[in-house]
Each structure stands twice: as structure tokens, then as C-alpha cells.
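Scroll down for the structure; my scribbles are underneath it.
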Amino acid sequence: MKRERKSIDEVLKSVISSLLKDLEDADEVVLENVTLDIEELTFELPSTLLPLIEKKVIEEKPIEITPEKAVFEEPTIEWKGRIVEVKIGAGSRKVTYVVGGEEKPRFYSLNYTPPHKPILSMDVFDTRIPLPKAVKDHFKDLLDNPTEWAAYCVEKLGADMVNIHLVSTDPNFKDTTPREAAKVVEEILQRINTPLCIGGSGHPKKDVEVFKVITEITSGERVIINSVNLDMKLEEIAPLIKKHGHVVVAFVPMDLDKARQLVRKLRQWLDKEDILLDMNTAGIGYGWEYAFTATERARLAALKGDEELQHPLVSAISNSWTAREAWMKMPEYWGLREVRGPLWEILTGISSLIAGADYLMILHPLTLKILKTIINQIFEIKREIEIAEWVSKKL
Amino acid sequence: MVKITKLSPLEIYKLLPRKSGCRLCGEDSCMAFAIKLLSLQTNLEKCKPLIEDPSFRENYEKLSKLLKPPVKEIEIGVGDRKVVIGGKHVVHRHELMLKNPTAIAIDVSDDLDKDKIIEKVEFINNFKYEYVGYELKLDLIAVRSVTNDPERFKSTLKIVNEYSKKPIIICSTDPEVIHAGLEVLDKERPLIYTATTKNWIKVLELVRRFKVPVTISSLGKINDLISLVKTFKKYGVSDLCLDPGTIPENLGYTLTIFTLTRWKACEEENEDYGYPLIGTPISIWLSGIEKDMLVFWESMIASMLMIRFADLLIMHSTEAVTYLPLVIQRFNYYSDPRKPSSVKPGLRIVGKPDEYAPVLVTTNFVLTYSLVSSDIEKSKIDAYLLIIDTEGYAVDVSVAAGKFTGEAVAKVIRESGIEGMVKHRTLIIPGKASRIAGEIEDATGWKVVAGPQDSSEIGTFIKTRWQEIVGKGSS
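So the sequences go chain by chain: A and B.
One rule links them: number in the numbering used here = place in the first sequence (from 1) + 2.
One rule links them: number in the numbering used here = place in the second sequence (from 1) + 6.
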């Protein structure tokens with residue numbers, strides 16, 4: 003049998019690594035009957051084994067001292083951009099609002115409070131449309147009376163304002179004329195003293211016709227026209243929005259490039275402070291993550307300096323009701339839909355607020371109530387307070 | 007250290023063994039492997055030559071260091087009862103796919119009698135919701151000592167451990183109780199919740215002895231949290247989780263601290279902050295909120311923290327509705343931001359269709375699929391829905407991109423066995439795909455009818471036109 007000659011280095015390496023392996027489970031190792039006849043010896047330990055040795059070094063018991071003092075330093079992050087401030091409501095409106103003005107993303111600093119709180123608005127439709135049971139049960143007869151529905155939202159529920167959606171104008175539905183549809187807008191403006199947001203049916207051609215009439219009859223009230231998109235003939239409507247002093251929602255389907263493109267186009271006729279941006283909102287389970295990320299990215303990009311995205315963000319969290327879990331009857335185990343529905347809208351809403359939304363459109367009163375409470379809490383200065391210990395409490 | 011999103015595949019590639027044609031990692035080349043490493047779709051350990059050949063030892067170490075997540079990965083539990091949390095490379099989901107979805111733990115307290123304990127454990131074991139073909143579940147059990155009696159805690163843990171299929175968190179601030187718990191779960195690698203400025207010395211000794219991960223809680227004081235991290239590290243304990251405090255009365259503070267902690271870990275590469283974050287929506291139960299509102303608040307706080315970087319949540323409710331939106335939202339949040347989300351192609355049965363029921367076609371983009379099936383359900387129609395593989399693109403995009411094709415439809419017809427289920431041969435395709443109706447007829451031999459432009463009109467379309475269409479189709 004031929005014995006391979008091993009260099010002293012190799013021998014030592016193998017001896018040491020097996021020693022180290024033993025060390026893993028032992029506190030000390032005694033070498034007996036070992037003589038080292040070497041004058042000079044260097045240990046080259048593989049670096050992966052180093053942490054193992056270090057660990058052995060700190061075997062001492064921790065003593066009764068206060069822990070090493072450390073001080074939390076807030077990171078210095080450069081945010082170059084600022085969201086434009088947009089004023090909503092004017093003319094005969096007794097109440098007006100300002101949204102935007104933020105210089106940091108939400109919840110990025112303990113020492114910064116946004117200048118304006120987000121607006122919570124309620125959806126109202128100008129004619130009966132299929133609505134979730136939880137919503138119908140709440141509003142009942144008001145669903146046939148959009149003016150009183152709007153007044154109820156503002157006066158009884160405490161909504162900041164309402165969005166009247168002129169869905170009856172849809173050519174595939176009732177196809178009411180813009181003049182007919184405008185009547186309810188005039189009524190609501192007389193009935194309530196908050197600003198108003200006015201939407202069409204989503205039909206790109208008809209909406210332009212509807213908005214032509216609406217911008218004129220609401221002239222000077224600085225309403226929100228909801229909304230315009232890249233499929234519309236913007237040259238026909240954008241100049242009128244400017245002429246009558248309104249605000250417009252620029253709507254894009256979860257796409258930052260399209261948002262920039264639409265904003266660029268609109269700015270041919272409108273000023274920066276006349277435009278709100280809607281990156282689209284989807285309910286949890288129904289594309290929520292695409293909308294959330296698009297909204298969050300738009301806000302982060304704006305604050306990093308992307309001028310074309312520096313607009314307050316609109317989020318129609320009422321879209322969350324398209325999620326089947328929000329409206330469908332499910333086995334008792336999953337809870338009543340009267341609970342699930344608002345829950346869906348609340349969670350979609352809080353995610354929009356975190357991503358940066360400044361104007362929320364809501365369908366259910368409970369969503370309004372809870373989001374109002376949480377906004378008043380989280381948009382205040384954050385101080386450090388000691389928390390109640392829950393670990394050993396009977397709950 | 008360089009952020010993983012700033013590394014080039016070449017920097018990884020040049021450290022790999024580059025043995026041509028080896029393919030042991032499952033990729034065609036080392037470059038392909040390098041690209042997948044950077045997008046977190048594979049791991050270094052799949053490269054056998056790198057791991058096994060001692061001459062690559064140094065390269066392996068370099069690569070491990072380059073790819074090491076700034077937020078440490080912590081394992082709780084062992085074997086098939088294990089949950090991994092943390093391991094994050096980036097702050098926001100659009101930067102890179104996030105690993106290790108937020109784990110959800112539900113508490114069981116030691117004052118409950120055996121039946122109640124088992125009931126709660128079974129709730130956690132059995133919670134299951136099917137969403138786009140996946141089963142969504144809950145993850146851990148947090149066993150809490152409210153009696154402060156080590157013996158009582160032991161017996162509770164034994165019951166939980168016997169009935170539960172999930173890893174366990176030991177919740178107590180009393181070192182004696184924690185010690186008792188660790189004796190029961192000696193081999194189970196539970197997570198300890200929690201070490202504070204008051205109990206840290208004894209807890210530190212225990213976690214060192216039992217080699218288990220530990221949470222550090224600061225009760226809303228961030229300086230204390232980081233002081234304790236430094237102290238634990240000094241004494242050789244580095245399997246840590248951070249609990250900066252979930253404060254129901256001051257959630258703005260909580261959200262900000264969670265955000266800044268994650269930012270400091272990922273952007274400043276400050277290792278003292280590089281540990282999984284623990285949120286405790288359970289704390290809302292002490293806030294005095296009306297009982298019927300607790301479901302909303304606990305679920306909402308959990309949701310906020312989940313999308314603001316919590317790696318693990320400890321909760322209290324045993325109403326399934328609390329967790330339903332959370333497990334779906336978690337699935338959404340942790341989906342790959344680069345890929346359009348897609349569902350499995352194939353046949354879905356809506357309602358109770360008979361052999362003359364309509365057969366509809368849609369794409370496998372999750373949103374399209376979800377909306378179409380929800381619209382069919384809403385209009386109370388019994389139908390067959392064929393989902394073709396458009397690689398996750400919506401109808402208009404996939405038609406334009408040539409992914410919605412006659413062959414794709416023919417494939418799903420063949421594989422689904424739909425021809426044996428219906429007596430007619432008429433397909434309804436999306437209105438937006440009408441221009442390829444002829445192509446689909448040629449490829450399938452079925453009669454093709456273009457449906458409405460928007461799926462919300464499917465109900466009306468079927469109710470008013472199906473009889474006439476299927477009559478013509480079979481004549």
C-alpha cells in the first residue's frame with residue numbers, strides 16, 4: 003500500500019477542522035500527549051470557520067447591566083419633489099378643500115406631517131344600478147333620490163364631499179341626454195354646500211358630450227370632472243374645464259408612462275394645479291397589487307423629482323366591491339357579506355392611503371367611518387408612547 | 007455591500023465554476039443561472055460544483071456574501087413544521103420579488119381549558135381558502151402565558167404541540183415560563199416572544215442555551231430596541247426578530263418606525279436593523295374598541311403592517327372573516343411584480359351546467375379570469391368556462407400579441423374533455439377577440455360566436471341570445 007505524502011499544511015488543516023468541529027459541541031478541548039516540533043507555525047483558517055471560533059470566545063455570562071446604549075437616527079433621504087396643491091370648490095361653495103402639498107412619502111419621517119389630510123368622498127349614482135346588498139340595505143329609498151342621497155352622505159355620515167356618477171347617460175343603458183343628466187347636478191349643488199365631483203358613464207365619446215354641458219352649468223364652482231383618459235378627444239373638453247375653472251381627474255390604467263403622457267397632453271390646456279391623477283384601484287384579489295404598486299410608484303417617482311407625476315392621487319376604493327368576496331353570499335364560516343363587504347373596502351382604502359392617495363371614493367358608510375378615525379390618527383404628528391403590554395393579558 | 011438590484015449578472019457569472027454543459031442547477035448555462043440568482047428564482051446551493059469542489063470555496067463565500075439579504079432569514083420550527091420569515095432584499099415590492107410572505111400567527115392562552123385549546127388549534131389547522139387555484143392558510147400558533155404558571159404553560163404547550171401542525175411561538179416575558187416552554191419544545195425550534203429591557207439577561211441565557219430565535223420588543227421605544235439588538239449580538243445571539251411595538255393609539259408612529267427600520271436595513275445596510283419585523287395586531291384587543299368593530303380594526307392593522315414590511319403578525323381573532331382578505335392580499339403582495347399574474351389554464355365549471363349549457367372562452371390573466379367568472383356567477387348562469395394560456399395577458403393585449411390563437415383554444419378543448427360534456431359545438435369568445443373568430447373555427451371545428459365587449463354584459467348576452475345561437479349551431 004502506497005502512502006501518499008501529505009504536506010504539513012494539509013495535515014494541519016484537517017486536524018484543525020476536525021478540532022473545530024468538536025469545539026462546536028464542547029466548551030474546551032485538552033490536547034494530551036502532543037508535541038509540536040515546529041519552530042514557526044502559521045494557522046490559515048478557512049474564513050467560513052471564523053464565526054464559529056468567535057462564538058466560542060463570548061461564552062461569558064451576560065451580567066446585570068443596562069444594555070449597550072444606541073440611538074436611532076432617522077435616515078436622511080433626499081426627496082426633491084413636491085406634490086402640487088390643488089384647490090377643490092369655489093364660487094357658491096361654503097366649504098372648500100386643498101389636497102396635495104406633500105414633500106415626503108407617507109410614513110417616512112417621525113418629524114413630518116403632511117399639510118393636508120386626504121379627502122373622503124362618497125359615491126352617488128344618478129339612477130338605480132346593481133349595487134351590493136350591504137350597500138342597498140343601508141341607503142334603501144335614497145337610491146332613487148340622488149340629491150337626498152348626496153345630502154345624507156354629507157350631513158348625516160360626515161363625508162367631505164360626494165361623487166355624482168351620471169351613469170344614466172351610458173348609450174348602452176338609458177342614454178339620457180347631457181342636459182337631462184345635468185339637472186341632478188344642479189339640484190345637488192343647491193342642496194349641499196361642499197364641493198362636488200361629477201363623473202360620467204365611462205363611455206369615452208358620450209362622456210365628452212356630458213362634460214361639455216356639465217362644465218358650463220357648474221361654471222365657477224371648481225368641481226372635479228371625473229375623469230378623462232387617453233381614449234378621449236381631450237381637445238374638445240380640456241379647454242372647457244379650464245375656461246370654467248374646474249379640476250380634472252386624469253385616469254390611466256396602472257401605467258406610469260401613460261400617466262406622464264396624459265398629464266403632458268392635459269397641460270396644453272390646463273395648469274398643473276388643475277389636475278388630479280388616478281392610477282386606478284382594484285379590490286383585494288382582483289388586481290389590487292397592480293394598482294397599489296402603480297400608485298405607490300407614481301408617488302415615489304413624483305417626490306424623487308418626476309415633475310409630470312406631481313399630482314394629488316385619486317383612488318376609487320369603491321372598486322373593491324367587484325371582488326366576489328365583498329358581495330357574494332358565502333358559507334357562514336366566512337362571515338356575513340355585510341361584514342365582508344365593508345372590510346374589503348376598508349382594507350383596500352388603507353392600502354391606498356399608505357401608497358399616497360389624497361382623494362378616496364367610497365361606497366359604504368362604515369368604510370367612511372373607520373377611515374375617518376384612522377386618518378385623524380395617522381396623519382397627526384407621531385410621538386413615541388409606551389404601549390400597553392398585551393403578552394400576559396387575558397383578552 | 008452592493009444592493010442585489012444593482013449587481014450585474016456578469017459579476018455573479020465570473021465567480022461561478024463555469025463548467026460548460028454541466029446543467030446540474032437546471033439552467034442551460036452559468037449565465038442563465040446568474041440571472042436567476044439575481045432575480046431570486048434559484049439559489050446558490052443548486053450549483054453542485056460550487057458547493058462540493060473545495061477549490062471554489064472562496065468563490066462560494068464571495069457569492070454568498072454578495073447575495074446575502076440585508077434582512078436576515080429566520081427559521082421557526084423544524085422539518086415540515088417550519089416557517090421562514092425575513093430574507094428581504096428590498097423595501098418595495100416593485101424593486102424585486104419579495105421572499106417569505108408575512109407569516110400569520112394566532113394566539114392560544116394558557117388559561118383556556120383543554121377543549122377550548124383544541125378548538126382554537128383546530129381553527130388554525132383547518133383555515134383554508136382557495137384562491138385562483140392556490141390554497142391559502144394560516145401559519146403559526148402563539149402560545150401565551152396569562153397565568154404566569156410554568157406548569158400550566160407546560161401542559162398547554164403539550165396539548166397545542168399534540169394537536170397542531172404549525173410551528174409555535176412562546177409568548178411570555180417571564181423567564182421561568184419561557185424556560186418551562188423550552189423544555190417542552192426542546193427540539194421544535196420555537197420563536198421566543200419576547201425579550202425586553204427588563205428580562206433580557208435571563209432570556210438571552212435561555213436562547214443561547216436552547217439555540218432558538220428570539221424576538222426583541224421595545225414597547226414603543228426604538229432606542230431600546232436597537233440597544234438590545236447590539237447587546238444580543240455582542241453575546242453571540244443573532245437569530246433575532248424585531249418588535250418595535252404595534253400601538254393602536256399611535257399607528258402613524260408604528261407605520262413610520264416599520265418603514266424606517268426596513269429602510270435602514272435595505273438602503274443604509276445597517277445590520278442592527280436587518281432582522282424580520284414582527285407586528286402585533288392582537289394589541290387592538292386591549293384598546294377598548296367596541297367588540298363588533300374589532301374584526302375590522304384587527305384586520306385593518308394587520309393589512310397595514312403587512313404592506314408596510316411586517317414579516318410576521320401575531321393576532322387574536324378566531325373569526326375566519328378577519329383573515330380572509332389578509333391571506334388574499336398577502337398572495338397578491340408577494341406575487342412576482344415583473345410577471346402578469348396568471349391562473350392555471352383549463353376548464354372551470356360555473357354553477358351546474360348541463361349538456362346544452364354555454365361554453366365561454368377567456369384568458370388566464372388573473373383579473374380577466376376573475377372578472378369573467380365573477381360576472382357569470384353574478385348573473386346566475388350555469389356555464390363552462392375555458393381558460394386558455396395567454397401567458398397571463400388580458401384579451402386585447404394577447405390578441406394583438408398573438409397569444410390568443412385558434413391553436414390555444416383547440417388545446418384547451420382537447421385537454422379539458424369538454425367535447426364529452428356538451429352536445430352542442432358552439433363557443434362564445436370575448437368580444438375583443440372577434441377578429442380571430444374565423445381562425446378559432448378553423449382550428450377547433452366549433453362554431454364561434456363573439457360575445458360582448460365587456461364581461462359585465464355576459465349575463466344579458468346569454469339570457470337573450472344563447473337559445474337562438476345554440477339552436478342555429480346544432481341545426
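No residue lacks a Cβ here, since even glycine has one placed at the ideal position from N, Cα and C.
Beta carbons nearer than 7 Å to chain A: which residues of the region 166 to 184 of chain B have them? CYS177, SER178 and THR179
Quick one: which chain A residues come within Cβ less than 7 Å of B:GLN335? ILE286, TRP290 and LEU349
Supposed close pair A:LEU272, A:PRO314 - CB separation, criterion 8 Å: Not a contact, Cβ separation roughly 14 Å.
Return yes when the Cβ of A:ILE364 is within less than 7 Å of the Cβ of A:LEU370, no when it is not. yes
Alpha-carbon spacing of B:SER309 relative to B:TYR399, whole angstroms: 28 Å
With a cut-off of 7 Å, does the C-beta of B:LYS126 fall near any C-beta of chain A? no
Cutting at 8 Å between CB atoms, please list the residues of its own chain near A:PRO53, excluding the five before and the five after it. Its pLDDT being 41, under 50, A:PRO53 is placed unreliably in this model, and the value from its coordinates should be taken loosely. Excluding sequence neighbours, A:PRO53 sits near nothing in its chain.
Using DSSP with H/G/I as helix, E/B as strand and the rest coil, what is A:ALA296? helix
Output yes if chain A places a C-beta closer than 7 Å to the C-beta of B:ASN338; else output no. yes
On the three-pair Cβ rule with 8 Å, is the region 339 to 347 of chain A touching the region 118 to 125 of chain A? no
Candidates A:GLY351, A:ALA303 and A:LEU311: closest to B:MET306 by CA position: A:GLY351
Where do the ends of the beta strand (DSSP E) carrying B:LEU233 lie? Looking at the sequence shown, residue 233 of chain B is not Leu but Ser. Not the beta strand (DSSP E): B:SER233 falls in the alpha helix (DSSP H), residues 228 to 240.
Simplified DSSP assignment, three categories, for B:GLU33: coil
Relative to chain A, which residues along the region 267 to 282 of chain B have a C-beta separation below 8 Å, given in chain order? TRP269, LYS270, GLU273, GLU274 and ASP278
Can you check DSSP and say which residues form a bridge with A:ASN228? A:GLY201 and A:VAL251
What are the boundary residues of the alpha helix (DSSP H) that B:TYR329 is part of? 326 to 339
Could you say which of B:THR11, B:LEU144, B:LEU191 and B:GLU79 lies nearest to B:SER161 if we only look at CA atoms? B:LEU191
Would B:PRO282 and B:ILE80 qualify as a contact pair, given that the criterion is a beta-carbon distance under 7 Å? yes
Can you name the residues that DSSP bridges to B:GLU81? B:VAL90
Reduced DSSP secondary structure (H/G/I, E/B, other) of B:HIS95: coil
Is it buried or exposed for A:GLU327, if we count other Cβ within 10 angstroms and need 16 for buried? buried
For chain B, check one thing: does any of its Cβ atoms lie closer than 7 Å to the Cβ of A:PRO173? no
Put B:ILE295 into one of helix, strand or coil per three-state DSSP. coil
Extent of the continuous beta strand (DSSP E) run through B:CYS491: With chain B covering only 7 through 481, there is no way to say anything about residue 491 of chain B.
Mind listing the chain A neighbours of B:THR200? Cutoff is C-beta to C-beta under 9 Å, in chain order. VAL393
Are the CB atoms of A:ASP276 and A:VAL316 within a distance shorter than 7 Å? no
Segment contact flag, the region 121 to 137 of chain B with the region 11 to 21 of chain B, C-beta cutoff 8 Å, min 3 pairs: no
Using a threshold of 7 Å, state whether the C-beta atoms of B:ILE284 and B:ASP249 are closer than that. yes
Identify whether A:SER123 lies in helix, strand or coil by the three-state DSSP scheme. strand
Between the alpha carbons of B:VAL8 and B:CYS272, how many angstroms are there, rounded? 10 Å
DSSP-derived helix/strand/coil call for B:GLY285: strand
Nearest candidate by alpha-carbon position, reference B:ASP59, set B:ARG87, B:GLU304 and B:LYS25: B:LYS25
Test: A:PHE127 CB closer than 7 Å to a CB of chain B: no
Within this structure, are the beta carbons of B:ILE165 and B:LYS120 separated by less than 7 Å? yes
Neighbouring residues, chain A, relative to B:ALA326 (Cβ below 8 Å): TYR335, TRP336 and GLY337
Under a Cβ-count criterion, where at least 16 other Cβ atoms within 10 Å of its own Cβ denotes burial, should A:PRO132 be classed as buried or exposed? exposed
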